[in-house]
Every structure is written in C-alpha cells, then in structure tokens.
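Numbering (our numbering), first residue to last: 1 to 234.
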C-alpha cells in the first residue's frame, strides 16, 4: 500500500519505517543526512553491529583470498601469460562495478519490501553518505554473494585460468571498496584522487542518476552517464 503522507521518524529505528514511503521513497532516500552521527537502523545492538563494517576489514579479509587464488595458478604450473589473466579479472570487475551500481543499486522500488531491500543494498549509503561504518560491503554478505560468482566463473572459463581470473576480479573489488571509502573520508587536494572525489560527490549531492563508476569516470562518457560539469544544465 502506498502511503505518501507517511513521515519517517529519525529518532526511532528506521528498519520498519522507510518501506511505508511507497513511491515517495525515491525522493526521501536521495535527501542525504550529512552527519557522522546517523540514525539507528535496528533496535537490537547485535543487528546494529552486524550491519556496520570498518573499511580496513575489506583488505584484511579479502587480500589473503586474492593471494590464495593467484597462488593456486602458480602452483599448478600456469605460465606467466596465463597468470596475467588476473588483469582480465580486474577489467571484468570494472564492468560489474558499473552495471551493479547503475541497474541494481539505483533501481526505483515502490513496494514496502522493495524499499526495504533497496535501503540495505544501497539506500542507506545515499541517505547517510558520511557514515563510515555503512560504506563498504559487509564481509559476510560479500562471502554469500561470492558463492554463485565462483560457480559461474568455473562454468564459463577453463579451470586452469579460473583461479587467476577470479583473484583478479576480487582484487578489483577490494580496490573499489577502499577507493570508495577514501573518496568519502579522504581529503585529496589535487590530482586524480581530487577529481574522482568531485566526480563522486556530484553523484551523491547533485545528480544521483549519473556518475556510476567509483574507481574512475571511464565508461560514463561511453554510456552517456557522466554528470554535468558545474554550471551546465542536466
């Protein structure tokens, strides 16, 4: 049921509230709360804790997995050119990064459960962009999603190069999440990182339906999703 008059009470846990917004959810979730102290999602402290992740957990947990997969390729005697397919894996991640962000993370739900699921996938980050503990993807959720991805990789490419390619794709993910955190909480003054931060902040605070890449702006010009420059009309 769509209840446009529903108002979210930020002083109460959000988990069972934003679903009632219906069609108004899209506008609400893209009005960010710019504060490091953000509303609670859950009443229980355990649930609240499990949905929050420090940024360094991503490299600490996943870089050893990357090393293990690439090492598998070395141990089975794969020649260096085939081990280099890890670079292909990184490129595959860049395509996934753009596609997931544009077509899944920015889907426009209207139902109660659609709004609720979207909030936990992406909406919480747009509503609370400076919450450093809800920025990177929780490792437990990543592990669950990796299971079907590993199986798809095994079925799609020769078994001999699958470990190197998957290790490369996972490395691409680690680079993505760490870069994403830095763009929100780092303070680059110039250069590539400064331009990337400006590019990503436009996505959050100016044009939410443009600028879907995190690690670079490449692809936005190809697919017509570059955010406009300051002073330009959308």
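From the three backbone atoms N, C-alpha and C, an ideal C-beta is built for every residue, glycine too.
Closest by C-alpha distance to residue i, when choosing among the options
i: residue 173; options: 131, 138 and 189; result: 138
i: residue 72; options: 223, 226 and 160; result: 160
i: residue 16; options: 115, 143, 127 and 163; result: 115
i: residue 179; options: 58, 86 and 84; result: 58
i: residue 158; options: 75, 85, 32 and 35; result: 85
i: residue 167; options: 50, 141 and 146; result: 146
i: residue 185; options: 81, 83, 75 and 130; result: 130
i: residue 204; options: 94, 10, 46 and 123; result: 123
i: residue 216; options: 47, 48 and 91; result: 91
i: residue 208; options: 149, 12, 103 and 81; result: 103
Contact under 8 Å by Cβ, residue i with residue j
i: residue 56; j: residue 132; result: no
i: residue 175; j: residue 88; result: no
i: residue 25; j: residue 170; result: no
i: residue 206; j: residue 227; result: yes
i: residue 140; j: residue 153; result: no
i: residue 32; j: residue 126; result: yes
i: residue 182; j: residue 136; result: no
i: residue 119; j: residue 29; result: yes
i: residue 134; j: residue 52; result: yes
i: residue 38; j: residue 128; result: yes
Exposed unless 16 or more other CB atoms sit within 10 angstroms - verdict on residue i
i: residue 3; result: Here the model assigns residue 3 a pLDDT of 47, short of 50, so the residue's position is not dependable, and the following value carries that caveat. When all chains shown are included, residue 3 counts as exposed.
i: residue 1; result: Residue placement at residue 1 is poorly supported in this model, since its pLDDT is 45, which falls under 50; the coordinates are not used for a value here.
i: residue 60; result: exposed
i: residue 62; result: buried
i: residue 7; result: exposed
i: residue 41; result: buried
i: residue 21; result: buried
i: residue 177; result: buried
i: residue 218; result: exposed
i: residue 66; result: buried
i: residue 222; result: exposed
i: residue 14; result: buried
i: residue 19; result: buried
i: residue 231; result: Residue confidence for residue 231 is low, a pLDDT of 48 falling below 50, so the modelled location carries little weight; the figure read from the coordinates is stated next. Residue 231 should be labelled exposed.
i: residue 200; result: buried
i: residue 77; result: exposed
i: residue 143; result: exposed
i: residue 44; result: exposed
- Query: Using 8 Å as the Cβ pair cut-off and three pairs as the minimum, do the stretch 184–193 and the stretch 102–111 touch?
  - Reply: No, the stretch 184–193 is not in contact with the stretch 102–111.
- Task: Counting only runs of 4+ residues fully inside the stretch 115–176, write out the alpha helix (DSSP H) ranges in chain order.
- Result: Within the stretch 115–176, the complete alpha helix (DSSP H) segments of 4 residues or longer fall at 124–127 and 139–156, listed in chain order.
- Message: Does the contact criterion of 3 or more C-beta pairs under 8 Å hold for the stretch 93–108 versus the stretch 200–216?
- Response: yes
- Query: Which parts of the stretch 179–216 are runs of the alpha helix (DSSP H), unbroken and 4 residues or longer, counting only runs that do not cross its ends?
  - Reply: DSSP runs (the alpha helix (DSSP H)) wholly in the stretch 179–216: 191–205.
- Ranges of the alpha helix (DSSP H) found wholly within the stretch 21–56, counting only runs of at least 4: Listed in chain order, the alpha helix (DSSP H) elements of length 4 or more contained wholly in the stretch 21–56 are 25–29 and 45–50.
- Please list the segments of the alpha helix (DSSP H) lying wholly inside the stretch 72–122, counting only runs of 4 or more residues, in order along the chain. 80–83, 85–99 and 112–118
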